[in-house]
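Residue numbers (this note's numbering): 21 to 1070.
Pasting the structure below:
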């Protein structure tokens, strides 16, 4: 707004800006008394009146005085009826009638409120609709209860529409009660800038905020215009330069030189000028009260909309509704992630907060590991009070998080172990329990069974298996022997988990010693992630109760189909509806109606979605926008109308895979369907519904690419697994490289064929069959790190046919391959041109032969092709060797000298066709086909520099949370000083182990003999593997050095 100051220069000017906020609260008593019927005629005013008998004082419901109600002189939307309630009043409802005995009534109207008779504020309902529905005749009364109460002194009603066959006619009633001012009533804020000759003083509510002084005289130019709120968009604003954004809000009580500015004259354009301004009404809408921002999002607003700041909440979207984290470790695994700490939001957009969980993906199952304050092996000493030992366990997860994880998991377990010497545990079989524990949902229930036993049994695992140390007792420790014993096992009944506290009683007697361990809670199997249903026909469907999501609706699922179209889900209301469908082979459409007319959001993938692979869909609709995302494609969004309906009202059944409107249903599979974080049990409903089957096979078409380095995807009823048997790598996705450090004395031998023994008893059972090799070709790949040359990297030989293949790092630091394909011909050598390979850096070499064609590739260099002139096939291979080779009769002298030097450095990722000798030697050295001589140490020498294998949602910088120690250490460190008997027990264990090892060596000797050089026939069969103490607890999964899943070796 612009105003011209007519006073001479050098004056002092001042203005005041006031923001008025309505609020108020009242007790719980009834607040529905009529407010207008007893008011005096002077309490009513209006914009105009048709005649004295149509005046505003006659606008009382059920009254017939005058002309039977108020009618203005002109029927247009600029008319209004105003009521002075006499004091600030709490208003809860409004009712209207038309003018008695006429055709004059309102069909819709607006309500405005004020405490001053100025600065009017329009009432808006929760769905942002400002207009109230009116009447359909002159006599019936229509009442509306206000969705949120209002406190005001004055009420103004403005006609929005009326009977087209009549005029504006109104009788009015308001309902409520007197307002009692609260102690925290918000106050008006008055800003008073004073411009003086020596500077500017700014006061807020009379208190001086700041003062700025000028170095010279400060003159307020009076021959120019003064602008309030901002600069004109065009024309007349050449002298206006606003360095800030335009003011959005309300001003009143403007004063210049201590004289008030008459805004009514401004409205009549008798003083100054204005644009985009509402005079005598504060039209700003508080769009952050109540706030539509969820999960702690912070709400800010402009004049026409609001914004939610979702930073640091763990949620995203226009209203911070959608979780940015995965729902389980299973979900992270199927994104290609590996073991680590991840934020898990178990209920998605639901009320449970995300939590940081360690996901162990090194085993066949994907485990969620929930730590507590003491997972170490803990020694016990008699307490000074002489009573039992009490231990409580505090989990990092909150109670509702624990409950949700246990409920959603297919299996949970927790280790419970007790190590004892003259310390009874459960006092079986007849005495009262000496110890017990408390577990289950908070606060928990007392349990008297031990790990490995069933609830209520008051026994240990050995009692269930009938193999306790003493047949009379149901726990090993109850035998009360002076030797160390233990009762250990897993608690697996989910109704008794997690373990919360522990009481151990028999530790006071002389000579009693004990220790216990309570492991972390471990759960696997996300029941919601793999919950699926298969729809066999386009007419099959599932139905569930109506989806109640008035203000926020989030729907997520995965689908797999070969059909080109079909409806995924639909839910109808009287007028509203929501639907998600595959409208074509490349397009997904999200459509809905909340009362503003049907709206559609679509995503065109650009590629077929009916490719029988899993695709992810997430649709969200809230008061600000609707959004749709398919897979990792950019989301499509549609803004909601600023002042339209916002509440979605659905009342019919929710149809899944079909529609109530009989449109074309969906044929295919749906999985992991979640509505606002709640998973629908598709499998349970499908099991009782014709035409729909629970579950959906076929996951490798989608997730098979996660199996790396030659790993094969294996189907499972719920999910998949990577078989790394034909790969030189290991790990969940065959991603972990296996490396070992070699010395010149190290030799790893892998027998490919049974040795030939002419005198062998032909009736003896045959050895397990070994894979047939394609003798007309082979593929060899490995990585190496070396600083010396020449060196032998890999040697494949047949002593019977005197043939061999050797992969060599030559004296000039190049990769060469030596072939002897026929005993009667000379050795052929092919050599790569890539040099300087003995530089201590990691290099990869790949060799492929097909008949007489050989190709070599080193690192990322171009492939080099060669041709052989000798024979095109090997007759047979008997043995693969890595490292040192001695005494092979098929070698020529030069090759024999090179083989005797062995290899010093690092080898990793060794693969000969589908055979990985280094992998077998490192993970299963007792496998009958492999033998090792000399030092062989597993290392990470073949691994590339550390990368960030996890997603952006993984936490890498957390300190080690395990608090455990390595195998064999906990009890030794805790109890070694307590008893010398442990050493004797360990010695016995080692002796038994050596005996078993000797038997195994005897059985394997004949098979290894064919591949063993003469220098090793009298040597020991290998270094003894370290043994765990019989008392050590299970190490925490976070401390695993290497991932070691179960695999097959060929």
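C-beta atoms are modelled at their ideal positions from N, C-alpha and C, and glycine is treated no differently. For clarity, every value in this text was computed on a predicted model and none was experimentally measured.
On the three-state DSSP scale, how would you describe residue 1005? The residue given as residue 1005 occupies position 985 in the chain shown. In this prediction, residue 1005 has a pLDDT of 39, which is less than 50 and means its spatial position is unreliable; what the coordinates show is noted afterwards. Helix at residue 1005.
Could you tell me which residues DSSP puts in a beta bridge with residue 823? Position 803 of the chain shown, counting from 1, holds the residue named residue 823. Answer is 818, bridged to residue 823.
What's the gap between the Cα of residue 473 and the Cα of residue 713? Residue mapping note: residue 473 aligns to position 453 of the chain shown, counting from 1. Residue mapping note: residue 713 aligns to position 693 of the chain shown, counting from 1. Residue 473 and residue 713: Cα-Cα distance of roughly 36 Å.
Pull the bridge partners of residue 399 from the DSSP assignment, please. If you number the chain shown from 1, residue 399 lands on position 379. BP columns for residue 399 point to 535.
For a test of the three-state rule: what should DSSP assign to residue 169, helix, strand or coil? Residue numbering aside, residue 169 sits at position 149 when the chain shown is read from its first letter. Looking at residue 169 - three-state DSSP - the assignment turns out to be strand.
Between the region 792-808 and the region 855-875, do at least 3 Cβ pairs fall closer than 8 Å? Touching, yes.
Mind checking whether residue 435 and residue 476 have CB atoms under 8 Å apart? Residue mapping note: residue 435 aligns to position 415 of the chain shown, counting from 1. Residue mapping note: residue 476 aligns to position 456 of the chain shown, counting from 1. Cβ atoms of residue 435 and residue 476: not closer than 8 Å.
Going by alpha carbons, who is nearest to residue 821 out of 807, 894, 769, 282? The residue labelled residue 821 in the question sits at position 801 within the chain shown. Closest in alpha carbon position to residue 821, among 807, 894, 769, 282, is 894.
Sequence-distant residues of its chain with Cβ nearer than 7 Å to residue 380 (five each side left out): What you label residue 380 is simply residue 360 of the chain shown in a count that begins at 1. Within the same chain, residue 380 has close Cβ partners 359, 387, 389, 1057.
With a 10 Å radius around its C-beta and 16 neighbouring C-beta atoms as the bar for buried, classify residue 267 as buried or exposed. Sequence index remark: in the chain shown, residue 267 carries index 247 (1-based). Exposed, because fewer than 16 other Cβ atoms sit within 10 Å of the Cβ of residue 267.
Buried or exposed: where does residue 382 fall if 16 or more other Cβ atoms within 10 Å of its Cβ makes it buried? On the chain shown, position 362 is the one that residue 382 refers to. Burial call: buried.
Using the Cβ count rule (16 or more neighbours within 10 Å means buried), how would you classify residue 846? What you label residue 846 is simply residue 826 of the chain shown in a count that begins at 1. By the neighbour-count definition (other C-beta atoms within 10 Å, threshold 16), residue 846 is an exposed residue.
Can you list the beta strand (DSSP E) stretches of 3 or more residues lying completely in the region 896-955, in chain order? Runs found: 899-903, 925-932, 950-953.
List the endpoints of the continuous alpha helix (DSSP H) containing residue 353. Translated into positions along the chain shown, residue 353 becomes position 333. According to the DSSP assignment, residue 353 belongs to the alpha helix (DSSP H) that extends over 349-353.
So the candidates are 611, 363, 122, 404; which of them puts its Cα closest to the Cα of residue 348? For the purposes of this step, residue 348 is taken as the residue at position 328 of the chain shown. Selected option, being the one with the closest Cα: 363.
Can you check whether the CB of residue 943 is closer than 8 Å to the CB of residue 760? Here residue 760 corresponds to residue number 740 of the chain shown, with the count starting at 1. Here residue 943 corresponds to residue number 923 of the chain shown, with the count starting at 1. Not closer than 8 Å, so no.
Answer with buried or exposed for residue 498, where buried requires no fewer than 16 other C-beta atoms within 10 angstroms of its C-beta. In the chain shown, the residue the question calls residue 498 occupies position 478. Residue 498 should be labelled buried.
When DSSP labels each residue in this structure, what does residue 474 get in the three-state scheme? The sequence position of residue 474 within the chain shown is 454, counting from 1. Coil, per DSSP.
Distance between residue 417 and residue 392 (C-alpha atoms, nearest Å): One-based indexing of the chain shown puts residue 392 at position 372. One-based indexing of the chain shown puts residue 417 at position 397. Straight across, the Cα-Cα distance linking residue 392 with residue 417 is about 9 Å.
Counting Cβ pairs closer than 8 Å, one from the region 134-141 and one from the region 167-178, do we hit at least three? Yes, the region 134-141 touches the region 167-178.
Could you tell me whether the region 648-663 touches the region 527-545, using the rule of 3 or more Cβ pairs below 8 Å? Taking 8 Å as the limit for Cβ pairs, the verdict is that the region 527-545 does not touch the region 648-663.
Is the number of C-beta pairs between the region 674-691 and the region 331-349 that are closer than 8 Å three or more? With fewer than three CB-CB distances shorter than 8 Å, the region 674-691 does not count as touching the region 331-349.
What does the Cβ neighbour count give for residue 116, buried or exposed, with the cut at 16 atoms within 10 Å? By 1-based counting over the chain shown, the position of residue 116 is 96. Per the 10 Å Cβ criterion, buried.
Go ahead and pull the three-state DSSP assignment for residue 516. Indexing the chain shown from 1 puts residue 516 at position 496. It is helical.
Using the Cβ count rule (16 or more neighbours within 10 Å means buried), how would you classify residue 883? Taking the first residue of the chain shown as 1, we reach residue 883 at position 863. With fewer than 16 Cβ atoms within 10 Å of its Cβ, residue 883 is classed as exposed.
Can you tell me whether residue 739 is helix, strand or coil according to DSSP? As a working note, residue 739 is residue 719 in the chain shown. Reduced to three states, the DSSP call for residue 739 is strand.
By how many angstroms is the C-alpha of residue 334 removed from the C-alpha of residue 430? Within the chain shown, numbered from 1, the residue matching residue 430 stands at position 410. Within the chain shown, numbered from 1, the residue matching residue 334 stands at position 314. In this structure, the alpha-carbon of residue 430 lies about 26 Å from that of residue 334.
Using three-state DSSP, classify residue 502 as helix, strand or coil. As a position in the chain shown, residue 502 is number 482, starting the count at 1. Of the three classes helix, strand and coil, the one that applies to residue 502 here is coil, per DSSP.
Can you tell me the Cβ-Cβ gap for residue 852 and residue 835, rounded? I've got them flagged as a contact below 8 Å. Counted from its first residue, the chain shown places residue 852 at position 832. Counted from its first residue, the chain shown places residue 835 at position 815. The beta-carbon distance between residue 852 and residue 835, rounded to whole angstroms, is 5 Å. This is short enough to meet the 8 Å contact definition.
At the level of alpha carbons, what is the spacing between residue 426 and residue 856? Residue numbering aside, residue 426 sits at position 406 when the chain shown is read from its first letter. Residue numbering aside, residue 856 sits at position 836 when the chain shown is read from its first letter. When rounded, the distance between both Cα atoms is 57 Å.
Name the two residues that bound the continuous alpha helix (DSSP H) containing residue 81. Counting from 1 along the chain shown, the entry for residue 81 is found at position 61. Per DSSP, residue 81 lies in no alpha helix (DSSP H) and is assigned neither H nor E.
Would a C-beta distance cut-off of 8 Å place residue 671 and residue 593 closer than the cut-off? Within the chain shown, numbered from 1, the residue matching residue 671 stands at position 651. Within the chain shown, numbered from 1, the residue matching residue 593 stands at position 573. Against a cut-off of 8 Å, the Cβ pair of residue 593 and residue 671 comes out as a contact.
Inter-residue Cα distance where the pair is residue 307 and residue 179: Counting from 1 along the chain shown, the entry for residue 307 is found at position 287. Counting from 1 along the chain shown, the entry for residue 179 is found at position 159. Residue 307 and residue 179 have their C-alpha atoms roughly 24 Å apart.
What residue from 305, 329, 322, 321 has the CA that sits closest to residue 314's CA? Position 294 of the chain shown, counted from the start, is the residue given in the question as residue 314. With distances taken between Cα atoms, residue 314 lies closest to 329.
Beta-carbon contacts of residue 673 that lie in its chain and below 6 Å, excluding the five residues immediately before and after: As a first step, residue 673 must be located in the chain shown, where it is residue number 653. Its chain contains 563 as the residues whose beta carbon lies nearer than 6 Å to that of residue 673, once the 5 sequence neighbours on both sides are disregarded; these appear in chain order.
With C-beta atoms as the reference, is residue 68 less than 8 Å away from residue 93? For the purposes of this step, residue 68 is taken as residue 48 along the chain shown, with counting starting at 1. For the purposes of this step, residue 93 is taken as residue 73 along the chain shown, with counting starting at 1. Judged by beta-carbon spacing, residue 93 lies within the 8 Å limit of residue 68, meaning their Cβ atoms are closer than that value.
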